[in-house]
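All remarks here apply to the structure that follows.
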Amino acid sequence: MNHLSRRRMLQLGAAGGALLASGPGRGRLASAQSTPAAGPPITVGLLAPVTGVFADFGDLMTKATNLAVEKVNAEGGILGRPLTVIAEDDQGDPAIATERARKLLVQDNVDILMGTVSSATTLAVLPLVDQAQKVFFYPLDGEDKTCLPGGGTNPLVFGLGDTPQQRLVRFVPAIVEQAGGDWYFIGNDYVFPRSVNAVAIQFLQEAGGTVVAEEYVPLGTGDYRPVIDKIANSGASVVFSTTVGADGVAFTKQAREGGLFDRMTVTGVATFAPEVYGGLQGFAGGVLTADRYSDQIDNPVNAEFVAAFREAYDYDLPIGGTAAACYGAVLLWREAANAAGSFDPMPFAEACAGLAMTLPQGDVEIDPENHLLKQPIYLLRIENDDYVIDEDFGQIAHPGHEGCSVV
Numbered sequence: 402m403n404h405l406s407r408r409r410m411l412q413l414g415a416a417g418g419a420l421l422a423s424g425p426g427r428g429r430l431a432s433a434q435s436t437p438a439a440g441p442p443i444t445v446g447l448l449a450p451v452t453g454v455f456a457d458f459g460d461l462m463t464k465a466t467n468l469a470v471e472k473v474n475a476e477g478g479i480l481g482r483p484l485t486v487i488a489e490d491d492q493g494d495p496a497i498a499t500e501r502a503r504k505l506l507v508q509d510n511v512d513i514l515m516g517t518v519s520s521a522t523t524l525a526v527l528p529l530v531d532q533a534q535k536v537f538f539y540p541l542d543g544e545d546k547t548c549l550p551g552g553g554t555n556p557l558v559f560g561l562g563d564t565p566q567q568r569l570v571r572f573v574p575a576i577v578e579q580a581g582g583d584w585y586f587i588g589n590d591y592v593f594p595r596s597v598n599a600v601a602i603q604f605l606q607e608a609g610g611t612v613v614a615e616e617y618v619p620l621g622t623g624d625y626r627p628v629i630d631k632i633a634n635s636g637a638s639v640v641f642s643t644t645v646g647a648d649g650v651a652f653t654k655q656a657r658e659g660g661l662f663d664r665m666t667v668t669g670v671a672t673f674a675p676e677v678y679g680g681l682q683g684f685a686g687g688v689l690t691a692d693r694y695s696d697q698i699d700n701p702v703n704a705e706f707v708a709a710f711r712e713a714y715d716y717d718l719p720i721g722g723t724a725a726a727c728y729g730a731v732l733l734w735r736e737a738a739n740a741a742g743s744f745d746p747m748p749f750a751e752a753c754a755g756l757a758m759t760l761p762q763g764d765v766e767i768d769p770e771n772h773l774l775k776q777p778i779y780l781l782r783i784e785n786d787d788y789v790i791d792e793d794f795g796q797i798a799h800p801g802h803e804g805c806s807v808v
C-alpha cells in the first residue's frame with residue numbers, strides 16, 4: 402500500500418501535540434503539556450452495529466471513538482473531565498436501536514449520544530433524543546435528519562456525514578462527462594438508497610442523462626446474478642450502485658465475475674465505501690466513487706489520526722469516513738465545550754452551531770442554519786488498495802433542509 406511511512410506518520414502525530422507509544426493491542430496517547438482529566442466523568446453513549454449487515458461500520462465506529470476518547474483524556478479531557486464510553490450494539494435493527502438508545506439515555510443517563518449507521522435506526526432514535534433532551538450526533542452519510550417535523554432545525558441534533566446533495570452535485574456530472582449518460586440504478590430497498598438515487602437522478606437529468614432503469618432489492622440479498630444479467634442487457638453505459646455493506650460486496654464480486662465491468666462503467670456510493678474494502682479487495686480496482694474522506698488527505702490532523710489508528714489496531718486496510726467522523730466528533734465536542742464553558746446540552750449545542758475547525762477530512766464548519774457539516778467532497782479512484790484523490794471538489798454545504806426524512 403502507498404501509505405505514509407510509519408516513522409513519518411509518528412513524526413507528524415507528535416508535531417500535532419500527541420505522543421504515541423505502543424501498547425498491547427492499543428495505542429497510548431499522551432501529551433507532555435497536559436494534565437490528565439480528573440473531574441466527574443462525561444459519559445458518551447455509542448450506538449454502533451457491531452453485528453449484522455453493518456458490522457464493519459460499527460466496528461470502526463467503536464475503534465475510532467475509543468481512540469479519540471483516549472487521546473482527549475490524556476490531554477486533559479473536556480473542561481477537565483474525563484470521557485467514558487458506554488457502547489451498545491443496535492444490530493442495524495430499528496427496534497433494537499430504540500431499545501438500546503432508551504437504555505443509554507434513561508438508564509445510563511449518558512451526557513451525549515452518537516450513532517447509528519442506517520437511516521432507519523437513526524430515525525428510530527430521534528424521538529427518544531427529543532424526550533431525553535440530550536445532544537445527538539449521527540456520523541454516517543445520508544439524507545438530512547436534523548430538521549423538525551413542523552419545520553426548522555432540531556437544536557440538539559447534528560449530522561457529521563455528508564448528504565446525497567453534497568456528495569453528488571459535482572460527482573454525477575463528472576461521471577456523465579467521463580462515461581456517458583445512460584444510467585441503471587440498483588440499490589437496497591430502504592430509505593438511504595432511495596434518497597441517494599432520487600438526488601442522483603435529479604443531477605443526472607440536469608446533466609442531460611437518462612434513467613435506463615431504477616431497481617431495488619431487499620437488504621440481505623446474496624445472489625445478484627439475475628439483476629446483473631438485466632443490467633448487462635439494458636444498454637446502459639453506467640450502473641450506479643447503492644447496495645450497502647455485505648450486499649454491496651456481493652454485488653461487486655458478482656458484477657466483476659459476470660463481466661459487467663467489461664461492458665460498462667460501474668460506480669456508486671456506499672457500495673464502494675472504504676469501510677467494506679476488506680471484502681472488495683481484488684474486485685473494485687479502477688472504480689471511481691465520491692466520498693467526504695480518504696486516508697490520503699494531507700493535513701496534520703489526518704496524519705495524526707491515521708498514524709494512531711493504524712498503530713492502535715494494526716490496521717492496514719483503507720480507513721473510511723465513518724472512523725474519521727467518530728474520531729473528529731470527539732475533537733469537535735472538546736472545542737465546542739471549551740467555547741461554551743459547559744457540557745450542559747443547550748449551551749453546548751449552541752456552541753456547536755457555526756463551529757469551524759480542521760478535522761481529518763479537512764476544513765469543516767457546522768452550518769448554524771441546519772446543523773449539517775459543511776465539508777470537502779473528493780472524487781476518489783480505487784487503485785493499489787488505496788482511495789486515491791483524483792479531484793478535490795472543495796467544501797460543499799447542504800441546501801437548507803432539502804430532502805429531510807424526519808416526519
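The working numbering puts the first residue of the sequence shown at 402, with every later residue one more than the last. Beta carbons: idealized from backbone N, C-alpha and C, even for Gly.
Query: Inside the region 651-698 only - beta strand (DSSP E) runs reaching at least 3 residues; Result: 666-669, 689-692
Query: Closest Cα partner of residue 720 within the set 606, 696, 652, 540; Result: 696
Query: Contact under 9 Å by Cβ, residue 514 with residue 526; Result: yes
Query: Unbroken alpha helix (DSSP H) run spanning residue 622, endpoints; Result: Premise fails: residue 622 is in no alpha helix (DSSP H) and is neither H nor E.
Query: Option in 502, 669, 449 with minimal Cα separation from residue 535; Result: 502
Query: Beta-carbon proximity of residue 586 to residue 559, cut-off 9 Å; Result: no
Query: Ordered list of beta strand (DSSP E) runs contained in the region 496-539, each at least 3 residues; Result: 513-515, 536-539
Query: Collapsed DSSP secondary structure at residue 648 in the structure displayed; Result: helix
Query: Neighbourhood of residue 434 by C-beta distance below 7 Å, restricted to the same chain and skipping five residues each side; Result: Confidence at residue 434 is low in this model, with a pLDDT of 44, below 50, so its placement is unreliable and the value that follows should be read with caution. There are no such residues.
Query: Residue 629 (DSSP reduced to helix, strand or coil); Result: helix
Query: Start-to-end residues for the alpha helix (DSSP H) that takes in residue 464; Result: 456-475
Query: For residue 729 and residue 757, the rounded distance between their alpha carbons; Result: 12 Å
Query: Range covered by the alpha helix (DSSP H) that runs through residue 602; Result: 592-607
Query: Of the listed residues 753, 808, 698, nearest to residue 722 (C-alpha basis); Result: 698
Query: Neighbourhood of residue 616 by C-beta distance below 6 Å, restricted to the same chain and skipping five residues each side; Result: 587
Query: Cβ pair residue 774, residue 473 closer than 9 Å; Result: no
Query: Segment limits, alpha helix (DSSP H) that includes residue 708; Result: 701-714
Query: For residue 763, the first and last residue of its enclosing beta strand (DSSP E); Result: 763-767
Query: Exposure of residue 403, with buried meaning 16 or more beta-carbon neighbours within 10 Å; Result: Residue confidence for residue 403 is low, a pLDDT of 36 falling below 50, so the modelled location carries little weight; the figure read from the coordinates is stated next. Exposed, by the Cβ-count rule.
Query: Span separating the alpha-carbon of residue 804 from that of residue 437; Result: 43 Å
Query: Three or more C-beta pairs below 8 Å linking the region 569-586 and the region 628-638; Result: yes
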